[in-house]
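Peer 1: Here it is, the structure in full.
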Amino acid sequence: MTITNKKISLRFPRHLVDRPVVYHLIKDYNLELNILKATISSEEGHMVLELRGERADFDKGIEYLTKTGLIIDTLCREVTRNEARCTDCGACVTICPAQAFSVDSISRDITFDEEKCVVCGMCILSCPSRSMELHF
Amino acid sequence: MAKTIEEINHKIRSGKAVVFTAEEIIGVVKEHGLKTAAAMVDVVTTGTFGPMCSSSAYFNIGHSKPRIKLGGGKISLNDVPAYAGFAAVDVMIGANALPDDDPRNRFHPGEFNYGGGHVIEELVAGKNIKLVATAYGTDCYPRKKLETWINIKDLNEAVLFNMRNSYQNYNVAVNLSDKAIYTYMGTLKPNMGNVNYCSAGQLSPLLNDPYYKTIGIGTKIFLGGGEGFIAWQGTQFNPGVPRTETGVPKRGSGTLAVIGDLKQMNSRYLMGTSMLGYGVTISVGLGVPIPILDEDILRHTTVTDDEIFAAVIDYSGAYPNVKPDIVAEVSYGELRTGNVMINGRKVPSASLSSYPRAREIATTLKEWISGGKFELTQPVASLPGVESGVKFKLLNERPINGSGG
Numbered sequence: 001m002t003i004t005n006k007k008i009s010l011r012f013p014r015h016l017v018d019r020p021v022v023y024h025l026i027k028d029y030n031l032e033l034n035i036l037k038a039t040i041s042s043e044e045g046h047m048v049l050e051l052r053g054e055r056a057d058f059d060k061g062i063e064y065l066t067k068t069g070l071i072i073d074t075l076c077r078e079v080t081r082n083e084a085r086c087t088d089c090g091a092c093v094t095i096c097p098a099q100a101f102s103v104d105s106i107s108r109d110i111t112f113d114e115e116k117c118v119v120c121g122m123c124i125l126s127c128p129s130r131s132m133e134l135h136f
Numbered sequence: 001m002a003k004t005i006e007e008i009n010h011k012i013r014s015g016k017a018v019v020f021t022a023e024e025i026i027g028v029v030k031e032h033g034l035k036t037a038a039a040m041v042d043v044v045t046t047g048t049f050g051p052m053c054s055s056s057a058y059f060n061i062g063h064s065k066p067r068i069k070l071g072g073g074k075i076s077l078n079d080v081p082a083y084a085g086f087a088a089v090d091v092m093i094g095a096n097a098l099p100d101d102d103p104r105n106r107f108h109p110g111e112f113n114y115g116g117g118h119v120i121e122e123l124v125a126g127k128n129i130k131l132v133a134t135a136y137g138t139d140c141y142p143r144k145k146l147e148t149w150i151n152i153k154d155l156n157e158a159v160l161f162n163m164r165n166s167y168q169n170y171n172v173a174v175n176l177s178d179k180a181i182y183t184y185m186g187t188l189k190p191n192m193g194n195v196n197y198c199s200a201g202q203l204s205p206l207l208n209d210p211y212y213k214t215i216g217i218g219t220k221i222f223l224g225g226g227e228g229f230i231a232w233q234g235t236q237f238n239p240g241v242p243r244t245e246t247g248v249p250k251r252g253s254g255t256l257a258v259i260g261d262l263k264q265m266n267s268r269y270l271m272g273t274s275m276l277g278y279g280v281t282i283s284v285g286l287g288v289p290i291p292i293l294d295e296d297i298l299r300h301t302t303v304t305d306d307e308i309f310a311a312v313i314d315y316s317g318a319y320p321n322v323k324p325d326i327v328a329e330v331s332y333g334e335l336r337t338g339n340v341m342i343n344g345r346k347v348p349s350a351s352l353s354s355y356p357r358a359r360e361i362a363t364t365l366k367e368w369i370s371g372g373k374f375e376l377t378q379p380v381a382s383l384p385g386v387e388s389g390v391k392f393k394l395l396n397e398r399p400i401n402g403s404g405g
């Protein structure tokens, strides 16, 4: 069980400002949340939330937000690796400007250090098997 | 010492065959010496996994009611055009094929997220594939349109055929220009900002049998997770390149044409691959067993990455314009450290083929053989050797000016 703790920035288009989004995040997705900033008028809304919960709940909560039509700021995105598609070839290693990928000198497996990732997206299209993905 | 393929097969059948991977054999020979090891070891297994463009699959979809003659018509699989130049219901799809609505490189560099390689991957994985075809209709094959899902389990035959795989050594790519370029050797940063290579090196099949003494037409191999066979020499076969003292080619040299039943393969070893700004292809897993018939054959399998050298080519100038210039020669040992010295500069290096998966293939093949599940075959004919005079030719371009052929 991994606990995810992340800040996300949400923009509410006009037709969504009356949705009880926060209520659903708490009740339906078991997320603990802290409203860091909120500006909501009848025209538009902007909210910065700190969300905390189990990874699976977090992902479902984000999926709910996306489906609702809320715009999640791209700065909240993160790059993840689809382990089922990664072949450990290493094409990403020299492409990444942040040196987030490294090669084990014995196993030749490729390690991706999410902490080092600066979400530039260079690896995503340079990966031959398209195993690098952009997520919220 | 067991030294015919039949004797080795006898040991495989009784579960007593001694098998090592091309990586393990290096240490075994170092420890026991060539002579003792040659008496002890029966088979060395090799493996490689990387993008292999000249790959295709063909299959027979069975006859529809009423019948349709796809030959001469048009056909697509998941919107990727396939080849319909055969008889009624035989279809072939190439790994590089793209949907008609793919923007290609109109917005350079194109993404190429889906194409023939991905269709082959999904077909092998057992997914349903959308087939859309039109035909002109004949008295015996009256139907003109067919739209249906197909699945590999319902096809009469599904066959993987690759006309050029498993390159015996390959170019190492750099970019000497001042802007990034997008090639089949990956994204190359300007001013030699990186260097890309693509070979399993010391695990690669043809680098472990550099003179094709055991690998030939009819050799049974690991192909795409199942069994396949070497059908012929691959296209662009070029055995006469410069070699090291021990016979290892220093340039792209031999290649293999391979064939096998797609139905028993696995998408882990046949994966649709996208090369930014270049196109779509497929990464193929291939492994070849080398029977240790004598000390000389064993000696060749002990090749290490430090003894394999490749030419560094400028893909911004020399390669596209077919100039013979090479920037440098580097060893795979050095490439695998993550940096290479080229003309006094330290350049970061990266691989396009997967060494861990090449090792996995060689190990799987080893387990099949040790477990008595995979016997060796005697080639029915040899691949063209150095003495054959077979040469890779460039196109002799003859402008068409109305004077006839």
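Protein sequences, first through last, are from chains A and B. Quick note on UniProt numbering: the first sequence kicks off at 1 and runs consecutively. Quick note on UniProt numbering: the second sequence kicks off at 1 and runs consecutively. Just so it is clear, CB atoms sit at the ideal spot from N, CA and C, and this is done for glycine as well.
Report the rounded CA-to-CA distance for Gly389(B) versus Phe237(B), giving the unit in angstroms.
Peer 2: If I take the Cα positions, the gap works out to 11 Å.
Peer 1: Determine, using beta carbons only, whether Gly186(B) comes closer than 8 Å to chain A.
Peer 2: By this cut-off, Gly186(B) is an interface position.
Peer 1: Rounding to the nearest angstrom, what Cα-Cα distance links Glu270(B) and Thr364(B) in this structure?
Peer 2: Checking the sequence shown, residue 270(B) turns out to be Leu, not Glu. Rounded to whole angstroms, Leu270(B) to Thr364(B) spans 16 Å at the Cα level.
Peer 1: Which same chain residues, not among the five before or five after Asp102(B), have their C-beta less than 8 Å away from its C-beta?
Peer 2: Hits under 8 Å: Gly110, Phe112, Tyr114 and Gly115.
Peer 1: Which of the three DSSP states is assigned to Asn9(B) in this structure?
Peer 2: In this structure, Asn9(B) counts as helix in the three-state DSSP scheme.
Peer 1: Distance, Cα to Cα, Ile308(B) vs Val119(B)?
Peer 2: Looking at the two C-alpha atoms, the distance is approximately 35 Å.
Peer 1: Can you tell me which residues form a DSSP beta bridge with Thr4(A)?
Peer 2: In DSSP, Thr4(A) forms a bridge with Gly53(A).
Peer 1: Find the nearest neighbour of Trp149(B) within the set Tyr182(B), Asn78(B) and Ala135(B), judged by alpha-carbon distance.
Peer 2: Per the Cα distances, Asn78(B).
Peer 1: Is it a yes or a no for the stretch 43-62 of chain B touching the stretch 191-204 of chain B, going by three-plus beta-carbon pairs under 8 Å?
Peer 2: Yes: at least three Cβ pairs fall under 8 Å.
Peer 1: Is the CB-CB distance between Asn339(B) and Gly234(B) below 8 Å?
Peer 2: No. Outside cutoff.
Peer 1: Give every residue of the same chain whose Cβ lies closer than 6 Å to the Cβ of Val29(B), excluding the five residues on either side of it in the sequence, and list them in chain order.
Peer 2: Ala37 and Thr302, listed in sequence order.
Peer 1: Scan the stretch 292-354 of chain B and note each continuous alpha helix (DSSP H) run of 4 residues or more that stays entirely inside, going in chain order.
Peer 2: Fully enclosed alpha helix (DSSP H) runs of 4 or longer: 295-301 and 332-335.
Peer 1: Using C-beta distances below 6 Å, list every residue in its chain close to Pro379(B), excluding the 5 sequence neighbours before and after it, in chain order.
Peer 2: Cβ within range, chain order: Gly216, Ile217, Gly218 and Thr219.
Peer 1: With a threshold of 8 Å on Cβ separation, who are the neighbours of Lys250(B) within its own chain once the five nearest residues in sequence on each side are excluded?
Peer 2: If we look at Lys250(B) and ignore the five residues flanking it on each side, its Cβ neighbours are Asn169, Val241, Pro242, Arg243, Thr244, Phe309, Ala310, Ala311 and Glu329.
Peer 1: At the level of alpha carbons, what is the spacing between residue 406(B) and His108(B)?
Peer 2: With chain B represented from 1 up to 405, any question about residue 406(B) goes unanswered, as that position is not in the structure.
Peer 1: Which residue marks the beginning of the beta strand (DSSP E) containing Gly279(B), and which one marks its end?
Peer 2: Gly279(B) -> beta strand (DSSP E) spans Gly279 to Gly287.
Peer 1: Shortest alpha-carbon distance to Ser353(B) belongs to which of Met275(B), Val322(B) and Glu295(B)?
Peer 2: Here the closest residue by C-alpha is Met275(B).
Peer 1: Taking the CB atoms as reference points, tell me whether Leu36(A) and Leu49(A) lie closer together than 8 Å.
Peer 2: Taking 8 Å as the Cβ cut-off, Leu36(A) and Leu49(A) qualify as a contacting pair.
Peer 1: What does the alpha-carbon distance come out to for the pair Thr111(A) and Gly285(B)?
Peer 2: Roughly 22 Å between the two C-alpha positions.
Peer 1: Going by beta-carbon coordinates alone, are Val80(B) and Pro99(B) separated by less than 8 Å?
Peer 2: Result yes, Cβ atoms of Val80(B) and Pro99(B) sit closer than 8 Å.
Peer 1: When DSSP labels each residue in this structure, what does Ile400(B) get in the three-state scheme?
Peer 2: Reduced to three states, the DSSP call for Ile400(B) is coil.
Peer 1: List, in order along the chain, the chain A residues whose C-beta lies closer than 7 Å to that of Thr273(B)?
Peer 2: Per Cβ cutoff of 7 Å: Pro128 and Ser129.
Peer 1: Kindly indicate if chain B contains any beta-carbon less than 8 Å away from that of Ser107(A).
Peer 2: Ser107(A) counts as touching chain B.
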